[in-house]
Structures are given as structure tokens and as C-alpha cells.
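Have a look at the structure below, then the notes.
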Amino acid sequence: MVEALIKRNPKKHPQLNFPDYKSSCSRAPKNKKISFSSTSTEISGPVFNKNIIGKLDNDLTLNFSKNNTLPIGHKIIVFGRISDQFSNPIEGALIEIWQANAAGKYLHHNDNNNAPIDPNFAGCGRSITSSKGYYEFITIQPGPYPYQNRGIEWRPMHIHFSVFGKSFGQRLITQMYFEGDPLINSCPMVNSIPDEKAKQSLISKLDTSRSNTQKLLSYKFDIILRGTNQTFFENKLEGL
Amino acid sequence: MSNLKIVLDETPFQTAGPFLHIGCLPNAINIEGIFDTDLGVKPFAKKDYDKFITITGSVFDGDGKALDDIMLESWQSDENGVYSPECGFARFVPDSLTKKFNLYTLKPGFMNNVNGKAQSPHILISISSRGLNMTLNTRIYFEGDDLTNDPLLSNVKNCRNDISSLIAKKIDEDIYLFDIFLQGDRETIFLDI
Numbered sequence: 689m690v691e692a693l694i695k696r697n698p699k700k701h702p703q704l705n706f707p708d709y710k711s712s713c714s715r716a717p718k719n720k721k722i723s724f725s726s727t728s729t730e731i732s733g734p735v736f737n738k739n740i741i742g743k744l745d746n747d748l749t750l751n752f753s754k755n756n757t758l759p760i761g762h763k764i765i766v767f768g769r770i771s772d773q774f775s776n777p778i779e780g781a782l783i784e785i786w787q788a789n790a791a792g793k794y795l796h797h798n799d800n801n802n803a804p805i806d807p808n809f810a811g812c813g814r815s816i817t818s819s820k821g822y823y824e825f826i827t828i829q830p831g832p833y834p835y836q837n838r839g840i841e842w843r844p845m846h847i848h849f850s851v852f853g854k855s856f857g858q859r860l861i862t863q864m865y866f867e868g869d870p871l872i873n874s875c876p877m878v879n880s881i882p883d884e885k886a887k888q889s890l891i892s893k894l895d896t897s898r899s900n901t902q903k904l905l906s907y908k909f910d911i912i913l914r915g916t917n918q919t920f921f922e923n924k925l926e927g928l
Numbered sequence: 063m064s065n066l067k068i069v070l071d072e073t074p075f076q077t078a079g080p081f082l083h084i085g086c087l088p089n090a091i092n093i094e095g096i097f098d099t100d101l102g103v104k105p106f107a108k109k110d111y112d113k114f115i116t117i118t119g120s121v122f123d124g125d126g127k128a129l130d131d132i133m134l135e136s137w138q139s140d141e142n143g144v145y146s147p148e149c150g151f152a153r154f155v156p157d158s159l160t161k162k163f164n165l166y167t168l169k170p171g172f173m174n175n176v177n178g179k180a181q182s183p184h185i186l187i188s189i190s191s192r193g194l195n196m197t198l199n200t201r202i203y204f205e206g207d208d209l210t211n212d213p214l215l216s217n218v219k220n221c222r223n224d225i226s227s228l229i230a231k232k233i234d235e236d237i238y239l240f241d242i243f244l245q246g247d248r249e250t251i252f253l254d255i
């Protein structure tokens, strides 16, 4: 018996060729991806030690602040649990996030949106999950912003997530949206996912359980990485 | 009994967008003072540089333009074909002037696959960027290596006539060229890993 990653379901993921998202037209490959049985390469992967995480790495309101000045905007908590497809918690997963500031501006030389930079906010954070798979970030509610697509369109408020689980086959890069944002439904990047339930799974839910004690609104965003199954050797099956 | 359990859906991908450096390579775009170093700057920090090879190349879009707003990641074994979670991962971007990336790393060895058979030396590559709704994956194999019994390449040969897009060309002593074509006549073979 060997380990094999559960095959990805294309209906639950975005289509690479999605003309409503104009940038995909010249970048999405036209040929079908080649499927194959998991090898030792995909079921292994880098694992990151907790000691790479600095004290303020998961607090985006403080990790770039000058003289303890808070960034402008609503301070929020974003938290959740990372598990595999069998709901087993994933301990030690590395999460990296990036986002725009409250005005919808990224601290990046390629962002030409006419909105102010916040000198106390970089929009960059990372964290490693606990033994039960939980993570938490303190940050500023990102603003929506206009961008050039089929014309000027607006991105819904979002936070980018990059996740490393236990194997390279579990690697995930995605975006988290906010419950109730009216811009979600018209976003071509969201709509590149054919399955409605899969789309909904990217929308974090408002959680007020801590809003009184910490005076912060919280958003819960759970992430599911691929699971592995035990299977027979492929070459043995062929010989039966 | 794991096959009786409920299998949940994996969280869907979304594009990494044009600003991925902020979260993944902040020091590279001069966001300094948050993380000491960017992840994956050196895939084998403790190994002897004398043994390193260079893999260089560009990533071209469908208009033939070499891209510089993308991020590449690599995952590989050491020179003996051993995978270890502490090393073998790298992150790199093309140079904004030359549009070429350079990966300085060990040449991986032949490695044991899950079924006990060998895989030919290779490096798993992922590409994330604006315009890519999902991260793309491919593999770099090396010209001059015995590729005849590699399980993935055998699989690819069943579907495609030409596997040359997966093989880095040796252009000098310890220097290999690996260009990636997202579209067009020379479109690279991408993998559903």
C-alpha cells in the first residue's frame, strides 16, 4: 500500500481559460494537463519550522507600524482551521497572506490605482497552524479597488492566501472574500469557478463571538487541503 | 476504513494576482523589516556551492512576451535522490531587465518512487501569476540523463508525441536552459499533480 493524493475535481476549481478575466487569455495554457499517479515528488514537500515566525508576523496592524501608530481602517481578526479532505487538522501549515490597505492600495510598484499608501501598513503577514490546525491574523479590513479588465471593474474586498501543508501536492494559493460584499457576484475571478458551493467556500463568515471582549469583528475562513488515500501499487494492479 | 469517511471538497484556487511579492517575497520588493529573509532564497543552504548547477530560462505568454511579474517555486531531492522537508524548496522570480530566472541548486539524483522503482532526476516547478486562475505545475528533467524508465515521462509519452518541453538543455558546464511557454506551438506540458 502506498500514499496517493486525492485527484483534483476540475469543477471545484477555476477554469484556466476564462475570457471574462482578460489576463487569462494570453497566459492560460490551451492543452489539457497531464494526470498521473502521485510519485514521491508530490507526496513530499517543504515543512517550515515555527521559529521562522516572528512575534508580529501575524499582526499586520503592528508589523509595519512606525512609532506604534496604527494603520488607518477597521481592525479585524481573520481566523480559521486548516484540515485535509477527511477533516483531519493540519498542524504546522505555513500560511502567507497579502492584501490591499483600507483604501484599496497595495504597497507594490505595479499598483497604479490612484489611492493613498498607508505608511504604517505593508499588507504582509504569515503564521503557522497550531496542533489543532488553527491560525489567526490581526489586520485591517482591505478596501475594494478598481482595475482594468473588460473596462474598469472592481475587485471585491479580499485577502490573498498561500498555504503549504505537508506535501507539495497540497500547495494552495487562493483568495478569501468577506460575507455580504456586493462585488463578489460580478467578480470574474470568483466566477471562473464553475461550482456554486465551491465559490461560496471562499467567502469568510462574520463571527461576532469575540467582538465584545476584543472590540474587533472577526471573520472565519476554514481551508481544506488535499487528502491522501492508501492505494495498491499501480504496477501490481496492472498484473492482476 | 478511510474510504468510508466523508471526503470534503478541497478549497478552490484563485489567482495569485500581480502583487504576490508582498506576501511571498517582500524583501525582494523592498518591504523590509517584517521578515528577516524571504522564504526559499537558498534551496540547500548547508551544501557546498561548488556542486551547484544553474538553471536559467524565461516564461513566455501567448504573445511571445517574456514575463517578469510571475513567481516560480521549485521542489526537489538532493544529489542522492533524498527528499527532506528542511531543504530542496526554492522561490524565484525573473529579473526585471533580462526577464530571465536563475535557479542555483544541486542537481537532483535518481530517486526512489513510492512503488520502489526509480524516477529520473527532476525538479518540480510551479508558476503563479496574474492571469493564472490556478498555479501551474511542470517538471524539469535534464539532457544527458537516462530518462527511459521514468514513470511520469512514460505516462506523458502515452498522451503527447513530444516530451522535449520537459527537458532542460545543457548549454555549458553545469548550466542548463529551461524556457517555459504558457501557450503556442511550443506550449510546455503542464501536470495535474
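The listed protein sequences correspond, in order, to chains A and B.
Numbering of the first sequence is given in the working numbering, commencing with residue 689 and proceeding in unit increments.
Numbering of the second sequence is given in the working numbering, commencing with residue 63 and proceeding in unit increments.
In this text, a Cβ means the ideal position worked out from N, Cα and C, and glycines have one as well.
All figures in this text were calculated on a predicted structure; none of them were measured in a lab.
In the DSSP assignment, A:Q836 falls within the unbroken beta strand (DSSP E) covering 833-836. Going by DSSP, A:H846 is part of the beta strand (DSSP E) stretching over 846-852. One alpha carbon belongs to A:P870, the other to A:G768, and they sit about 23 Å apart. Closer than 8 Å to the CB of B:E141 there is not a single CB belonging to chain A. Secondary structure of A:Q858 (DSSP, three-state): helix. Residues of the same chain with a CB within less than 6 Å of the CB of A:Y822, apart from the 5 flanking positions on each side, are R769 in chain order. Non-local beta-carbon contacts of B:C149 in its own chain, meaning distances under 6 Å to residues more than five positions away in sequence, involve F106 in chain order.
B:R192 has its alpha-carbon roughly 14 Å from the corresponding atom of A:D708. Per DSSP, reduced to three states, the secondary structure at A:S723 is strand. Boundaries for A:G813: no alpha helix (DSSP H) harbours it, while the beta strand (DSSP E) harbouring it runs 812-816, taken from the DSSP string. Taken in chain order, the whole alpha helix (DSSP H) runs of length 4 or more contained in the region 190-222 of chain B are 213-221. For A:S775, the closest C-alpha among the options B:I68, B:G246, B:K232 is that of B:I68.
Against chain A, the CB of B:Y203 has no partner CB under 8 Å away; the residue lies outside that interface. Taking the Cα positions, A:I891 is about 25 Å away from A:H796. With respect to B:P147, A:G733 sits close: the two C-beta atoms are nearer than 8 Å.
For A:P807, no Cβ of chain B is located within less than 8 Å of the residue's own Cβ.
Around the beta carbon of B:V103, fewer than 16 other beta carbons sit within 10 angstroms, so the residue counts as exposed. Taking C-beta separations shorter than 7 Å and ignoring five residues to either side along the sequence, the partners of A:P807 in its chain run K754, following chain order.
Interface flag for B:A78 against chain A is set, since a Cβ pair is found closer than 8 Å. For the options B:I96, B:D130, B:G171, the alpha carbon positioned closest to that of B:F163 is the one of B:D130. Judged by their CB atoms, B:G206 and B:G124 are not nearer to each other than the 8 Å cut-off. Between the region 894-910 of chain A and the region 216-236 of chain B there are fewer than three inter-stretch CB-CB distances shorter than 8 Å, so the stretches are not counted as touching. The C-beta distance from A:R696 to B:E135 rounds to 18 Å, too long to fall under 8 Å, and the pair is not in contact. DSSP, reduced to helix, strand and coil, places A:V878 within a helical segment of the structure shown. Counting along the chain, A:Q888 sits inside the alpha helix (DSSP H) bounded by residues 884-888. If you look at B:G85, you'll find it in the alpha helix (DSSP H) that goes 83-86. At a Cβ-Cβ threshold of 8 Å, B:G119 and B:D241 count as neighbours.
Using a Cβ-Cβ distance cut-off of 8 Å, the region 864-878 of chain A and the region 731-750 of chain A are not in contact, since fewer than three pairs of beta carbons, one from each stretch, lie closer than that value. Looking at the DSSP output, A:D747 shares a beta bridge with A:I826. Rounded to the nearest whole angstrom, the CA to CA distance from B:I237 to A:M845 is 44 Å. B:A107 carries a coil assignment under DSSP once its states are collapsed to helix, strand and coil. For A:Q773, there is no enclosing beta strand (DSSP E), as DSSP gives it neither H nor E.
In the same chain as B:L228, and ignoring 5 residues on each side of it, the C-beta atoms closer than 6 Å to its own belong to R201, Y203, I251, in chain order. B:A152 is bridged by DSSP to B:S136. Exclusion of the five residues before and after A:G761 leaves A790, I828, Q829 as the residues of its chain whose Cβ lies within less than 6 Å of its Cβ. Comparing alpha carbon positions, the residue from A:S889, A:D745, A:I805, A:F809 closest to A:E824 is A:D745.
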